[in-house]
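Quick note: the sequence shown uses my numbering, first residue 105, plus one each step. Think of the CB as a built atom: it goes at the ideal place given N, C-alpha and C, for glycine as much as any other residue. Just so you know, these numbers come straight off a predicted model, no measurement behind them. Reviewing the structure listed below.
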Amino acid sequence: MSVTASASKTLYTTGNPYEKQIGYHRAVKRGPFIFVSGTTAIHPETQQLQHPGNAYLQAKTAMMECVRAVESLGGKLEDVCRVRMFVARQEDCSMVGTAYREVFGSGVREEGMGSAATMVVLGRGGFIDGDMLVEVEVDAVVV
Numbered sequence: 105m106s107v108t109a110s111a112s113k114t115l116y117t118t119g120n121p122y123e124k125q126i127g128y129h130r131a132v133k134r135g136p137f138i139f140v141s142g143t144t145a146i147h148p149e150t151q152q153l154q155h156p157g158n159a160y161l162q163a164k165t166a167m168m169e170c171v172r173a174v175e176s177l178g179g180k181l182e183d184v185c186r187v188r189m190f191v192a193r194q195e196d197c198s199m200v201g202t203a204y205r206e207v208f209g210s211g212v213r214e215e216g217m218g219s220a221a222t223m224v225v226l227g228r229g230g231f232i233d234g235d236m237l238v239e240v241e242v243d244a245v246v247v
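What follows is the structure in structure tokens.
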């Protein structure tokens, strides 16, 4: 993992193989805004998908990686304003929602937690790897 700063942006990169292959960064900070790219449950060191077949654990792993990206760029969990969840199977939405509530949800964590959220069902085969069940994007504003 690395953080690189330029005059206009700060970039956060992990060991995810798709970042290098496609040419993007896990997260970008510009001014007070942090944008975290679509994140799945790929282990940053082994580059293997974690928790095959388990949407809840894939979601929780991806969400925690998004939080790590926000924190690496100077943000905090409570700076997260929007979370987008993409799910392969409709039957997994409830478990992905549970993972969201545990990581970002208001009413579970301390005051000031919570975000706007969207969950979209893509259908099987909607991800770059057929075993991926969940992908998460996060936007944060550091104030």
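Put simply, the stretch 186-202 touches the stretch 223-232. At least three CB pairs are less than 8 Å apart.
According to the DSSP secondary-structure assignment, Asp243 is paired through a beta bridge with Phe139, Arg186.
Beta-bridge annotation (DSSP): Ala221 is paired with Val187.
Membership of Arg193 in any alpha helix (DSSP H) is not indicated, and neither H nor E is assigned to it by DSSP. Under the three-state reduction of DSSP, Ser176 is assigned to helix.
Distance from the CA atom of Lys133 to the CA atom of Met105, rounded to whole angstroms, is 15 Å.
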